[in-house]
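Written out below as structure tokens is the structure these notes cover.
Number of protein chains: 2
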Amino acid sequence: MTRTSHDDAGALPRPYLLFLGDVTVPGYAKTAFGLRDWAPEACIGEWRLPGCTVGTGLPQCDPAQAVAAGARALVIGVATPAGRIPEAWLPSLVAALAAGLDLVSGMHTRLSDIPALREAAERFGRRLHDIRVPPRGLPVATGRKRSGRRLLTVGTDCALGKKYAALALAAAFRERGLDAHLRATGQTGILIAGQGIPMDAVVADFAAGAAELLSPDAADGHWDVIEGQGSLFHPAYAGVTLGLLHGSQPDVFVVCHAHGRTHMLGYEDYPMPSIEAVVEATLLLGRRTNPAIRCAGVSLNTGVLPASAAGEACESLARTLGLPVADPMRRDVTGFDRLVDACLD
Amino acid sequence: MTRTSHDDAGALPRPYLLFLGDVTVPGYAKTAFGLRDWAPEACIGEWRLPGCTVGTGLPQCDPAQAVAAGARALVIGVATPAGRIPEAWLPSLVAALAAGLDLVSGMHTRLSDIPALREAAERFGRRLHDIRVPPRGLPVATGRKRSGRRLLTVGTDCALGKKYAALALAAAFRERGLDAHLRATGQTGILIAGQGIPMDAVVADFAAGAAELLSPDAADGHWDVIEGQGSLFHPAYAGVTLGLLHGSQPDVFVVCHAHGRTHMLGYEDYPMPSIEAVVEATLLLGRRTNPAIRCAGVSLNTGVLPASAAGEACESLARTLGLPVADPMRRDVTGFDRLVDACLD
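Here the protein sequences come in this chain order: F and Y.
Taking the numbering used here, I'd label the letters of the first sequence as residues 324 to 668.
Taking the numbering used here, I'd label the letters of the second sequence as residues 324 to 668.
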């Protein structure tokens, strides 16, 4: 049985065996690292092929051992540069299917487009989960206000911590006893949460509709913490950002920014927008579907600074903006609790 | 030979025979009317089946007569409510292929998904053009500033005259001796222009990239007049609007609005945004890819008013906004020339 989206059955089969292939560059294994850090209860172990020099620190096991330990799916934990699945991995992936594991992948190449995997899945009664494929039959957004509460992380740019901030905030909300869900919109987030919608693959007319589907009506005290995408000021992806903003109807948003970044990643002619401009545009446009939208503060990625300088960077920015600023990777020194307070205020 | 997009060969084969099927409701034939009004040189005649009670006034001819008169394709000029191609039309469509015509359709159902048409196209060496399918391999937007000049029509809502305004402005520019192209983004516009990209079918990540492709580098004096989509304040489609705005990099925009419309079409909980709010948001976001963007004025659809009241409605709004306002359907009484002047200023 093959499966080209994860809509019909809701959640992905867990726990996972993390497949690292023959990767030698740690940066390419960030899906595996993200799962280890954010969904440890979903990770049985890792499986490395000969030549692999990267490890997650999880127990090493092969598919049969993983199945014995309760694993239900092998997750490709490596992102290759072109998003392709190397030929050399196919025997291992077939072996995983034979051992009783489903396969889960966020690569551009679809598992279900590889005949050897399709046939093996059929033969062994397993499923192929291509999580970069959005659900079929997505609706056009209705604009109807939904119950429950929502937080969206928005960014000044791509790749500066919107997923991490959403994960940290959802975890902090739960630590305070609140009922909170992460709503994932990108492939790593979907693997961590076990479900979600890959917003970058949705047809533009249905982007806001997909976002509505992602965070359905909920109880009054329930929080959906929604992983943001792109930036309203990104020359390529702003449309995705706006569709997600409108469909999410956030009550609260947190602006994510990277200290020291001066230009948009990969767009050297584009200076970063100011945080103030992002707040203003998000309020202006976000009010359309939730007139009560407000900015709770800023999640500042201080990764370029030594830990000793992170607190001052956050405080300085907080004084300028008049908003709480914290780095969720450096919670104690940057006052992450104050940002959480402001979100729940 | 079948074809599921119109990217590879650029333009659609023209002139057209307009197929009206057995339609009895004039509103459903608006694609045929749009072609008759805006691309008369591309229309050889119309073909009606028994029971059809709607006519375009063009000469009636069957496929063989149309081919003899130079037609190269039959265009489905009727939009059925669900976008489906009725069974009863198939023998006629096959006959058109047999007579030597390609088929062109903007329906949701793809011609190439209908086996009888696919086989007939193969047998007779004709092509099936499904214009609602975007080109393959669309790029992510680069944000690079392109040469030439661009105008984009933007809206307070859907379905109030953005295509009509763009057609009228492109025609007016040409009447003044300028080199101007309509850049179509919806199915009827694509049929009229003979090419374009159906923005509503593009995957969200590539929306701005598609818009960049749509209006490529051009000579200094050249104008691309780009058909707008949706509205930045539309709860479902704003993401498409923003992707199109960023990728189009317009020097000039014209806001399209319908006099008397109080709520968004089909969204009764959503009051119309003010024209001022649309101008403000378009400037704020549009400056990102073209810092020189400016609003030239308003194209006001006065269809709900008697002709005698249209001039006063435009003048009154112009006084409020301090911008030229005209109805391109009522050019003389509403001062359309002043709006054209302001675009070219």
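C-beta atoms are modelled at their ideal positions from N, C-alpha and C, and glycine is treated no differently.
Please read all numbers here as calculations on a predicted model, not as lab measurements.
CA-to-CA distance, residue j to residue i, given in whole angstroms
i, j, result
"T605 of chain F", "T379 of chain Y", "47 Å"
"R653 of chain F", "I598 of chain F", "20 Å"
"E445 of chain Y", "S435 of chain Y", "11 Å"
"L565 of chain F", "L492 of chain F", "21 Å"
"G344 of chain Y", "R455 of chain F", "40 Å"
"R326 of chain F", "D453 of chain F", "Unreliable placement is indicated for R326 of chain F, whose pLDDT of 44 sits below 50; the coordinate value is still reported in the next sentence. The straight-line gap from Cα to Cα measures roughly 7 Å."
"A418 of chain F", "E442 of chain F", "12 Å"
"M324 of chain F", "V477 of chain Y", "Its pLDDT being 40, under 50, M324 of chain F is placed unreliably in this model, and the coordinates cannot settle the point."
"L474 of chain F", "R497 of chain Y", "50 Å"
"I399 of chain Y", "C666 of chain Y", "34 Å"
"R472 of chain Y", "H504 of chain Y", "11 Å"
"P373 of chain F", "L607 of chain Y", "53 Å"
"D385 of chain F", "A391 of chain F", "10 Å"
"P462 of chain Y", "V526 of chain Y", "11 Å"
"T479 of chain Y", "A524 of chain Y", "21 Å"
"K485 of chain F", "G512 of chain F", "10 Å"
"V601 of chain Y", "G519 of chain F", "32 Å"
"R433 of chain F", "L514 of chain Y", "34 Å"
"G451 of chain F", "C481 of chain Y", "Going by the sequence as given, residue 451 of chain F is Leu instead of Gly. Roughly 40 Å between the two C-alpha positions."
"A615 of chain Y", "L644 of chain Y", "20 Å"
"L572 of chain Y", "D660 of chain Y", "One detail in the question is off: residue 572 of chain Y reads as Gln in this sequence, not Leu. The alpha-carbon atoms of Q572 of chain Y and D660 of chain Y are separated by roughly 24 Å."
"G583 of chain F", "Y590 of chain F", "16 Å"
"S428 of chain F", "L567 of chain F", "23 Å"
"L483 of chain Y", "M595 of chain Y", "12 Å"
"L537 of chain Y", "A530 of chain Y", "11 Å"
"P414 of chain F", "I437 of chain F", "12 Å"
Within chain Y, partners of residue i - CB distance below 9 Å
i, result
"M522 of chain F", "A527 and D528"
"A531 of chain F", "H557, P558, A559, Y560, A561 and G562"
Contact set between residue i and chain Y, taken where Cβ atoms lie within less than 7 Å
i, result
"T612 of chain F", "P558"
"V656 of chain F", "Near V656 of chain F there are no residues of chain Y at all, since even the closest Cβ is about 34 Å away, more than 7 Å."
Chain F contact residues for residue i, given Cβ-Cβ distances below 8 Å
i, result
"H580 of chain Y", "The contacting residues do not exist; H580 of chain Y stays about 17 Å from chain F at best."
"L555 of chain Y", "L565 and L608"
"V477 of chain Y", "Neighbours of V477 of chain Y on chain F: none; closest Cβ ~14 Å, over 8 Å."
Burial state of residue i, where buried means 16 or more other Cβ atoms lie within 10 Å
i, result
"S639 of chain F", "exposed"
"P539 of chain F", "exposed"
"E369 of chain F", "buried"
"A332 of chain Y", "Legend: pLDDT at A332 of chain Y = 41, less than 50; position of this residue unreliable, no value from coordinates given."
"V575 of chain Y", "buried"
"H569 of chain F", "buried"
"A334 of chain Y", "exposed"
"E650 of chain Y", "The sequence as given places Asp at residue 650 of chain Y; Glu does not occur at that position. Buried is the call here."
"V621 of chain Y", "buried"
"G532 of chain F", "buried"
"K468 of chain Y", "exposed"
"A449 of chain F", "The sequence shown places Arg at residue 449 of chain F, rather than the Ala named in the question. Classification of R449 of chain F: buried, given that the 10 Å Cβ count is 16 or more."
"L499 of chain Y", "Reading the sequence as shown, one finds Arg at residue 499 of chain Y and not Leu. By the neighbour-count rule (16 or more Cβ atoms within 10 Å), R499 of chain Y is not buried but exposed."
"E535 of chain Y", "buried"
"V663 of chain F", "buried"
"H557 of chain Y", "buried"
"V377 of chain F", "buried"
"G544 of chain Y", "exposed"
"Q383 of chain Y", "exposed"
"S470 of chain F", "exposed"
"G562 of chain F", "buried"
Beta-carbon neighbours of residue i, restricted to chain F and to distances below 9 Å
i, result
"A604 of chain Y", "A604, L607 and L608"
"G466 of chain Y", "H557, P558, A559, M587, Y590, D592 and Y593"
Partner residues on chain F for residue i, Cβ-Cβ distance less than 7 Å
i, result
"V463 of chain Y", "A559"
The ligand FAD heavy atom lying under 6 Å from the CB of residue i
i, result
"V627 of chain Y", "Among the ligands in the structure shown, none appear at all, so the ligand FAD cannot be discussed."
**Message:** Using a Cβ distance threshold of 8 Å, determine whether the segment 567–587 of chain F contacts the segment 632–647 of chain Y, with at least three qualifying pairs required.
**Reply:** No: the two stretches stay apart, fewer than three of their Cβ pairs being nearer than 8 Å.
**Asked** At a Cβ cut of 8 Å, what residues of the segment 496–513 of chain Y count as close to chain F, listed as they run along the chain?
**Response** Correct list: empty, as no residue qualifies.
**Message:** Tell me whether the segment 334–347 of chain Y and the segment 424–441 of chain Y touch, counting them as touching only if at least three CB pairs, one residue from each stretch, are closer than 8 Å.
**Reply:** With a cut-off of 8 Å, the segment 424–441 of chain Y and the segment 334–347 of chain Y count as touching, because enough Cβ pairs lie within range.
**Message:** By the 9 Å beta-carbon criterion, what residues does the segment 389–408 of chain Y contribute toward chain F?
**Reply:** When CB distances to chain F are screened at a threshold of 9 Å, not a single residue of the segment 389–408 of chain Y falls below it.
**Item:** Three-pair Cβ contact test at 8 Å for the segment 549–556 of chain F versus the segment 504–515 of chain F
**Value:** Three or more pairs of CB atoms, one per stretch, sit closer than 8 Å, so the segment 549–556 of chain F contacts the segment 504–515 of chain F.
**Prompt:** Along the segment 564–576 of chain F, what residues have a CB closer than 7 Å to any CB found in chain Y?
**Reply:** Those residues of the segment 564–576 of chain F that come within reach of chain Y (Cβ to Cβ, closer than 7 Å) are L565, G566 and H569.
**Message:** Short of 9 Å Cβ to Cβ, which residues in the segment 433–446 of chain Y face chain F?
**Reply:** Contact residues of the segment 433–446 of chain Y toward chain F are absent (C-beta to C-beta distance below 9 Å).
**Item:** Interface positions of the segment 582–601 of chain Y facing chain F (Cβ-Cβ less than 7 Å), listed along the chain
**Value:** For the segment 582–601 of chain Y, the set of residues with a beta-carbon nearer than 7 Å to any beta-carbon of chain F comprises Y590, D592 and Y593, in chain order.
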